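These notes concern the structure reproduced below.
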Amino acid sequence: MKVIAIMNVKGGVGKTMTACNMAHILADTYQQRVLLIDADPQGNATTFFNIDARDGGLTEILGGLCNCYEEFVQATDYERVHIIGCDTSLFGIDLAGGRGDTDPRKALSDLKDALIEDDAYDIVLIDCPPSFTVSAISALAAADSVIVPVKLDAFSVDGMEFLLDQLAAVQRINGKAALEGVLVTLWHNCISNVQAENELRNRGIKIFETHIRRSDKADESTWYHEPICDYSRYSSTARDYRDFVAEFVKCGGLKNGSV
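Now the structure itself:
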């Protein structure tokens, strides 16, 4: 089993879109058993899959209120895609901490151990918040690798440098949290995008060859709670996400590097 955190400290770069569609494609095309963990208190991934987290989710797991993870794993409408949802109660974890001697920063590492022991999933994707909250730190501590969606503007490029600085610190705690790669999202062919991408590559940052092009169909798919490959299979965004996941798999992104 492999755990991948999808994170950028800059919001609005397509983290949740990437997490949800990656989960769907890995399950549908590559027959992977996927667990998606929504670690962003905005709960957009939870909402995307029409899941109600009011009865429990990541807040309870991080807070030490969970004795059995199956209590909070919910099936989606898509075969082999399960989710641990969250809602705004997750904000309280940063203030309240865990229960007793429970450390919420270690909660997802403990969950990872349990999932491996049970051979429950092939891959776990964690949709992280755009900040270094307790849930983000817990996700990074459990992660084998990190995927960083990035929109090519000056603010996101600056945020990328900050994230890499933070990942260097996290690696001192968890040496497995390597950078899987940067995924360029909301891309369109213009001089500023090309220049920004070249700047990132010149810094030696690993960037996926696939771009996720900007498309109105992607935004529309969120209203209908459908992965882009179901909502608009032949749209540019759907084709790009399929190509991205294929590149991810080809480059050894799955635990065994193949299916």
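Counting in my numbering, the sequence shown runs from 6 upward without gaps.
For glycine and all other residues, C-beta sits at the position ideal for the given N, C-alpha and C.
Predicted model, so just to flag it, every value in this text is computed and none were measured.
Within its chain, find whatever has a CB closer than 6 Å to the CB of residue i; leave out the 5 residues flanking it on each side and keep chain order.
i, result
"GLN37", "LEU31, ASP127, ILE128"
"SER94", "THR64"
"ASP45", "ASP132, PRO134"
"PRO232", "ASN26, HIS29"
Have a look at residue i and residue j and give me their C-alpha separation to the nearest angstrom.
i, j, result
"GLN200", "CYS91", "38 Å"
"ALA80", "CYS133", "20 Å"
"ILE196", "LYS156", "14 Å"
"GLU122", "LEU116", "10 Å"
"ASN194", "GLU214", "15 Å"
"GLY61", "ILE88", "12 Å"
"LEU259", "LEU130", "12 Å"
"VAL151", "PHE137", "14 Å"
"VAL182", "LEU145", "The amino acid occupying residue 182 in the given sequence is Ala; Val does not appear at that position. Taking the straight line joining both Cα atoms gives about 7 Å."
"VAL153", "ARG218", "16 Å"
DSSP on residue i, reduced to helix/strand/coil?
i, result
"LYS156", "strand"
"GLU84", "coil"
"ASP245", "helix"
"HIS216", "strand"
"GLU328", "Because the chain here runs from 6 to 264, residue 328 falls outside it and cannot be looked at."
"LEU130", "strand"
"ALA201", "helix"
"GLY68", "coil"
"LYS117", "helix"
"VAL254", "helix"
"SER240", "coil"
"ILE89", "strand"
"ASP170", "helix"
"ALA28", "helix"
Which term fits residue i, buried or exposed, when burial requires 16 or more other beta carbons within 10 angstroms of its beta carbon?
i, result
"LYS20", "buried"
"TYR229", "exposed"
"CYS73", "exposed"
"ALA147", "buried"
"GLU84", "exposed"
"GLY257", "exposed"
"LYS7", "buried"
"GLY180", "exposed"
"ASP124", "exposed"
"ALA112", "buried"
Give a yes or no on whether 9 Å exceeds the smallest Cβ distance from residue i to chain E.
i, result
"PHE137", "In the structure shown, chain E cannot be found, because there is only a single protein chain."
In its own chain, which residues sit with a C-beta less than 7 Å from the C-beta of residue i, not counting the 5 before and 5 after it?
i, result
"VAL139", "LEU67, ILE98, ASP99, PRO109, ARG110"
"ALA119", "TYR74"
"VAL86", "ALA28, HIS29, ALA32, VAL39, LEU41"
"PHE96", "PRO46"
"GLN176", "ALA182"
Give every residue of the same chain whose Cβ lies closer than 8 Å to the Cβ of residue i, excluding the five residues on either side of it in the sequence, and list them in chain order.
i, result
"ARG247", "ILE30, THR34, CYS234"
| Would the stretch 14 to 27 and the stretch 42 to 55 be scored as touching if the rule is three or more Cβ pairs under 8 Å? | yes
| Does the pairing of the stretch 214 to 224 with the stretch 10 to 17 give three or more beta-carbon distances under 8 Å? | no
| query | Any contact of the stretch 202 to 210 with the stretch 237 to 244, i.e. 3+ C-beta pairs under 8 Å? | reply | no
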